[in-house]
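Here the structure comes first, spelled out in structure tokens, and everything after it is commentary.
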Amino acid sequence: MKCLGMMALVALAFTSCKKAETKSSITVASEDLITVDMDEDRAFLDDASNHTFFEIGDRVMVFNISKTTPNMSNCGVYECIDQGSNVQFVNSGYGDAAQDALDGGYYAYYPFVEPFENIISELPDGENKSKFHVQAEQTYRADKVSLGDLYMAGYSDAPNLDAAVANFQMQNIMGVLRLLPYENAQRTVTKIQVVDNRFHLSGWVELIIPEVNATELKSTFNLYNPADPDNATFVSKVNEIKNRMGYNVTDGGYSITLNVPEGVKLGATKATTPAFNIVLRPMAMSQGFHIIFTFADGTTKDVDASAIHNFCIKPNTRLNLGLNMDNY
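Quick note, this note's numbering runs 824 ahead of the 1-based positions in the sequence shown.
Rendered as structure tokens:
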């Protein structure tokens, strides 16, 4: 099962960039999440919280890739100038990808976040590879996911980077755990830590940029059956994709922590408690997990779900999970 690893945590790949001479622009569209409610055991799109929006200042890295001559590949950083699900991004002044497309086409990755020292690029070495750091900590935002943690990837075969032709339909690589914890005591939560029993949730991920195919990743992970996790067809396909993508992870960690700096009070029922959105990689939670709560009064509660294997985070899926804390 280790072969499943973090290979689907595809998102960022960056390179050292110089100042651009032009202000080219692209059009970028986001993707709605599909919701799975574990209480009702069905999938549906239910409300606005399924929509993913770009915000002013969001950045994407666009790679202009040459497969035949990788040392010709280059990049540019584009910044969102509006808010919405289909918006314009303008060259932010870093990079020189605004030129005629090379033979491999354009690849866009969201988010591009500073500081730049979290980026390790292998483009200068003549390889279409990059490493990116999946952070182990996220920050709570009411009715939103942590800023800069819902990774997306997109492709365009446009001849050049111009908003009229360079349209990137971004696809969500990650999934979201929409946790709804409740209890009679209604304590105030300051931190929630998800600890996976089997898979790395954070770390440095190395990938071959033009081998990333978000559609293929989603369709493959949808084949996962919790009743038969070692299905030969599924495991073989995962191994094939992993090898083709040059997947490698280092300094991996098994937990993601959602920090709630100002604290949020729990409700007494699932219907009245606030939601905590935690971005997780595909396959997270599928082999058992812990959820550790820290409260404002200094107490903690460890919800041990090590024996539960019927939950599984999938790309572009929001998993609604009501959790009665009084049962643990």
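Built from N, CA and C at the ideal position, the CB exists for glycine as well.
Handout entry: Thr1141 - partner residues in DSSP beta bridges
Key = One-based indexing of the sequence shown puts residue 1141 at position 317. Looking at the DSSP assignment, Thr1141 forms a beta bridge with Ile858.
Exercise for the section: Put Ser849 into one of helix, strand or coil per three-state DSSP. Expected result: Your numbering for residue 849 matches position 25 in the sequence shown. Strand, per DSSP.
Handout entry: With 16 other Cβ atoms within 10 Å as the buried cut-off, status of Lys955
Key = If you number the sequence shown from 1, residue 955 lands on position 131. Buried: at least 16 other Cβ atoms inside 10 Å.
Handout entry: Cβ-Cβ separation, Val969 to Thr1014 (assumed contact under 8 Å), whole Å
Key = Start at 1 with the first residue of the sequence shown, and residue 1014 comes out as number 190. Start at 1 with the first residue of the sequence shown, and residue 969 comes out as number 145. Actually they do not touch by this definition, with Cβ atoms about 19 Å apart.
Problem - Exposure label - Asn1049; buried when at least 16 CB within 10 Å - result: Locating residue 1049 in the sequence shown gives position 225, where the first residue counts as 1. Exposed.
Exercise for the section: Ignoring anything shorter than 3 residues or poking outside the region 1050-1121, list the beta strand (DSSP E) runs there in chain order. Expected result: Qualifying beta strand (DSSP E) stretches, in chain order: 1072-1077, 1079-1089, 1100-1104, 1113-1119.
Exercise for the section: Look at Phe913 and Tyr902 and say whether their C-beta atoms are less than 8 Å apart. Expected result: Walking along the sequence shown from the start, residue 913 turns up at place 89. Walking along the sequence shown from the start, residue 902 turns up at place 78. Against a cut-off of 8 Å, the Cβ pair of Tyr902 and Phe913 comes out as a contact.
Exercise for the section: With DSSP as the reference, label Lys1125 as helix, strand or coil. Expected result: Looking up residue 1125 in the sequence shown gives position 301. In the three-state reduction of the DSSP assignment, Lys1125 falls in the strand class, which pools E and B.
Handout entry: Cβ shell of Lys1138 (< 6 Å), same chain only, five flanking positions each side left out
Key = The residue given as residue 1138 occupies position 314 in the sequence shown. Listed in chain order, the non-local C-beta contacts of Lys1138 below 6 Å within the same chain comprise Gly999, Phe1045, Pro1106, local neighbours out to five positions each way being set aside.
Practice task
Using three-state DSSP, classify Thr1012 as helix, strand or coil.
Solution key: Locating residue 1012 in the sequence shown gives position 188, where the first residue counts as 1. DSSP, read as helix, strand or coil, puts Thr1012 in strand.
Problem - Buried or exposed by the 16-neighbour rule on C-beta atoms within 10 Å, applied to Lys1042 - result: Against the sequence shown, residue 1042 aligns to sequence position 218. Buried.
Problem - N- and C-terminal bounds of the alpha helix (DSSP H) containing Ser1043 - result: Position 219 of the sequence shown, counting from 1, holds the residue named residue 1043. From DSSP, the alpha helix (DSSP H) with Ser1043 extends over 1038-1045.
Exercise for the section: Using beta-carbon positions only, say whether Thr1118 and Glu961 come within less than 8 Å of one another. Expected result: Here residue 1118 refers to the residue found at position 294 of the sequence shown. Here residue 961 refers to the residue found at position 137 of the sequence shown. No, the pair does not count as a contact, with Cβ atoms beyond the cut-off.
Practice task
Quick one: using the 10 Å Cβ neighbour count with 16 as the cut-off for buried, is Thr1124 buried or exposed?
Solution key: Residue numbering aside, residue 1124 sits at position 300 when the sequence shown is read from its first letter. Flag for Thr1124 reads exposed.
Exercise for the section: Answer with buried or exposed for Leu1143, where buried requires no fewer than 16 other C-beta atoms within 10 angstroms of its C-beta. Expected result: For the purposes of this step, residue 1143 is taken as residue 319 along the sequence shown, with counting starting at 1. Classification of Leu1143: buried, given that the 10 Å Cβ count is 16 or more.
Handout entry: N-terminal and C-terminal residue of the beta strand (DSSP E) that Ser909 is part of
Key = Position 85 of the sequence shown, counted from the start, is the residue given in the question as residue 909. Annotation for Ser909: no beta strand (DSSP E) segment contains it, and DSSP assigns it neither H nor E.
Exercise for the section: Output the distance between the C-alpha atoms of Asn1101 and Phe1058, rounded to the nearest integer angstrom. Expected result: Against the sequence shown, residue 1101 aligns to sequence position 277. Against the sequence shown, residue 1058 aligns to sequence position 234. Those two C-alpha atoms are separated by around 28 Å.
Exercise for the section: Report the residue from Ser916, Asn915, Ile850 whose alpha carbon sits nearest the alpha carbon of Asp986. Expected result: Here the question's residue 986 lines up with position 162 in the sequence shown. With distances taken between Cα atoms, Asp986 lies closest to Ile850.
Practice task
Assign Val958 to one of two classes, buried (16 or more other C-beta atoms within 10 Å of its C-beta) or exposed (fewer than that).
Solution key: As a working note, residue 958 is residue 134 in the sequence shown. Val958 comes out buried.
Exercise for the section: May I have the straight-line CA-CA distance separating Lys842 from Ala925, to the nearest angstrom? Expected result: The residue you call residue 842 lines up with position 18 of the sequence shown. The residue you call residue 925 lines up with position 101 of the sequence shown. Residue placement at Lys842 is flagged as unreliable, the pLDDT there being 43, under the threshold of 50; a coordinate-derived value is accordingly withheld.
Problem - Cα-Cα separation, Ser854 to Asp1150 - result: As a working note, residue 854 is residue 30 in the sequence shown. As a working note, residue 1150 is residue 326 in the sequence shown. Straight-line measurement puts the Cα of Asp1150 at about 38 Å from the Cα of Ser854.
Practice task
Counting only the same chain and skipping the five closest in sequence on each side, list residues whose C-beta sits under 8 Å from that of Gln995.
Solution key: For this step, residue 995 is matched to residue 171 along the sequence shown. If we look at Gln995 and ignore the five residues flanking it on each side, its Cβ neighbours are Glu855, Met976, Ala977, Gly978, Ala1038, Thr1039, Lys1042, Pro1139, Asn1140.
Problem - Rounded straight-line distance, which links the Cα of Ile905 to that of Ile880 - result: As a position in the sequence shown, residue 880 is number 56, starting the count at 1. As a position in the sequence shown, residue 905 is number 81, starting the count at 1. For Ile880 and Ile905, the distance between alpha carbons rounds to 5 Å.
Problem - CB of Val1019 within 8 Å of CB of Phe1113, strictly - result: Here residue 1019 corresponds to residue number 195 of the sequence shown, with the count starting at 1. Here residue 1113 corresponds to residue number 289 of the sequence shown, with the count starting at 1. The criterion of a C-beta distance shorter than 8 Å is satisfied by Val1019 and Phe1113.
Exercise for the section: If I'm right that Leu857 touches Leu1003 with Cβ under 8 Å, what's the distance once you round it to whole angstroms? Expected result: As a first step, residue 857 must be located in the sequence shown, where it is residue number 33. As a first step, residue 1003 must be located in the sequence shown, where it is residue number 179. So it is not a contact: roughly 15 Å between Cβ atoms.
Practice task
Report yes if the C-beta distance between Ile1016 and Ile1115 is below 8 Å; otherwise report no.
Solution key: Position 192 of the sequence shown holds residue 1016. Position 291 of the sequence shown holds residue 1115. Between Ile1016 and Ile1115, the C-beta gap is smaller than 8 Å, which places the two residues in contact.
Problem - Bounding residues of the beta strand (DSSP E) (the contiguous stretch that carries Gly999) - result: Here residue 999 refers to the residue found at position 175 when the sequence shown is read from its first residue. Element bounds for Gly999: 999-1006.
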